[in-house]
Amino acid sequence: MIYEGRQLQAAVASICPDIESRVAQFRDPADERALWWELSVCVLSSQVPFNLAIAAAEAIDKLGVLYCSQQRENVGEAIHCILRTHLNVGGRERLYRFPSVRAVQLERIHASVLANADSLKALLAGFETANHARRWLVANAHGLGPKQASMFLRNVALTYDLAIIDRHVLDYMSLTGLQSNAGSAVSSLKHYLPLEDVLRVHAEDLKCPVGILDWAIWIVMRIAKQQKGYAQ
Numbered sequence: 115m116i117y118e119g120r121q122l123q124a125a126v127a128s129i130c131p132d133i134e135s136r137v138a139q140f141r142d143p144a145d146e147r148a149l150w151w152e153l154s155v156c157v158l159s160s161q162v163p164f165n166l167a168i169a170a171a172e173a174i175d176k177l178g179v180l181y182c183s184q185q186r187e188n189v190g191e192a193i194h195c196i197l198r199t200h201l202n203v204g205g206r207e208r209l210y211r212f213p214s215v216r217a218v219q220l221e222r223i224h225a226s227v228l229a230n231a232d233s234l235k236a237l238l239a240g241f242e243t244a245n246h247a248r249r250w251l252v253a254n255a256h257g258l259g260p261k262q263a264s265m266f267l268r269n270v271a272l273t274y275d276l277a278i279i280d281r282h283v284l285d286y287m288s289l290t291g292l293q294s295n296a297g298s299a300v301s302s303l304k305h306y307l308p309l310e311d312v313l314r315v316h317a318e319d320l321k322c323p324v325g326i327l328d329w330a331i332w333i334v335m336r337i338a339k340q341q342k343g344y345a346q
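If you want it as structure tokens, here you go:
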């Protein structure tokens with residue numbers, strides 16, 4: 115079956131209410147440990163399989179080096195040692211692809227957070243809006259672009275008013291005519307925000323938060339692509 119833009123839009127609209135109902139049950143604020151776990155996953159999942167990023171984040175979490183505010187020295191060295199060891203991923207031993215780069219990025223994020231607040235939780239609580247929090251993360255959390263920062267803020271249930279614009283969402287925007295040439299993944303807020311504004315208007319038409327809309331788009335487009343069932 116070939117899905118046209120209007121059919122994709124109808125499919126997205128049909129599942130938005132269900133997603134919104136489900137997430138409403140899980141809005142409890144994350145604690146410090148959970149915040150650092152989610153943030154490390156967002157950094158570690160860039161250009162590697164997600165299950166490998168999860169395994170790496172779990173190993174770092176067990177060490178406690180990020181969520182322990184007293185730990186201010188040798189953070190990068192400790193993380194680097196973990197990322198250089200074999201990780202258990204689905205019963206198989208795997209090596210993480212970018213141990214040095216990600217260790218430095220997480221070390222810098224940790225230092226930036228503690229230079230501005232007593233904890234990551236306190237830092238996030240101090241922002242007036244989720245958009246302000248995202249801007250800070252993009253500017254100060256090395257390794258996080260606007261998509262990853264938006265994902266982090268949604269995963270910790272801080273907001274559903276920011277969009278996660280990935281390849282699926284960009285394809286949906288092109289196929290439905292929301293954006294004639296959505297282009298490839300965007301890494302700067304300058305190019306990200308106009309696309310998010312378009313999605314936000316679309317979300318208002320469907321009467322759901324933009325963070326719920328992009329989730330529904332991801333589900334629909336992933337299924338359509340697996341079936342190779344959308345019109346080019």
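Numbered per this note's numbering, the sequence shown spans residues 115 to 346.
We treat Cβ as the ideally placed atom computed from N, Cα and C, and that holds for glycine.
Remember, it's a predicted structure, so these values are computed and weren't measured experimentally.
Whether residue i touches residue j by CB criterion (8 Å)
i: A255; j: I279; result: no
i: G259; j: V270; result: no
i: I337; j: V126; result: no
i: A170; j: L149; result: no
i: L122; j: V334; result: yes
i: V300; j: L309; result: yes
i: A147; j: D175; result: In the sequence under discussion, the amino acid at residue 147 is Arg, which differs from the Ala named in the question. Contact flag set, yes.
i: L153; j: R208; result: no
i: L267; j: A239; result: no
Closest Cα partner of residue i within the set the options
i: L276; options: M335, Q262, L149; result: Q262
i: G204; options: P213, F164, A225; result: F164
i: V157; options: M265, D311, C182; result: M265
i: G354; options: R206, I168, S214; result: Nothing can be reported for residue 354, as the shown portion of the chain is limited to 115 through 346.
i: S226; options: H246, E242, V162, W250; result: W250
i: A124; options: A173, A317, P143; result: A317
i: E187; options: E172, E242, L228, S294; result: L228
i: V283; options: A247, V324, K304; result: V324
i: W151; options: V137, Q139, I168; result: I168
i: R281; options: H246, N230, W329, C322; result: W329
i: D145; options: A138, C182, H305; result: C182
i: V137; options: Q340, R248, C322; result: C322
i: L307; options: K339, Q341, H246; result: H246
Integer-rounded CB distance, given that residue j should sit under 8 Å from residue i
i: L347; j: L320; result: In the structure as shown, the chain begins at 115 and stops at 346. Residue 347 is therefore absent and cannot be evaluated.
i: G257; j: S160; result: 7 Å
i: G119; j: G291; result: 6 Å
Heavy atom of the ligand SAH within 7 Å of residue i beta-carbon
i: Q219; result: As far as ligands go, the structure on display features none, and thus does not contain the ligand SAH.
Start-end ranges of the beta strand (DSSP E) lying completely within the region 204 to 241, minimum 3 residues: Unbroken beta strand (DSSP E) stretches of 3 residues or longer found wholly inside the region 204 to 241: 206 to 208, given in chain order.
Entirely enclosed alpha helix (DSSP H) segments - the region 309 to 346, minimum 4 residues: Runs of the alpha helix (DSSP H) inside the region 309 to 346: 324 to 340.
At least three beta-carbon pairs within less than 8 Å, the region 232 to 243 to the region 196 to 212: No contact exists between the region 232 to 243 and the region 196 to 212.
At least 3 beta-carbon pairs within less than 8 Å: the region 264 to 276 vs the region 285 to 295: In this structure the region 264 to 276 does not lie against the region 285 to 295, because fewer than three pairs of beta carbons, one per stretch, are closer than 8 Å.
Validate contact between the region 210 to 222 and the region 123 to 131 using beta carbons, cut 8 Å, 3 pairs: The region 210 to 222 vs the region 123 to 131: no contact.
Give, in chain order, every unbroken run of the alpha helix (DSSP H) that is at least 4 residues long and sits entirely within the region 120 to 191. As for any alpha helix (DSSP H) of minimum length 4 sitting wholly inside the region 120 to 191, the runs are 146 to 158, 164 to 177, ordered along the chain.
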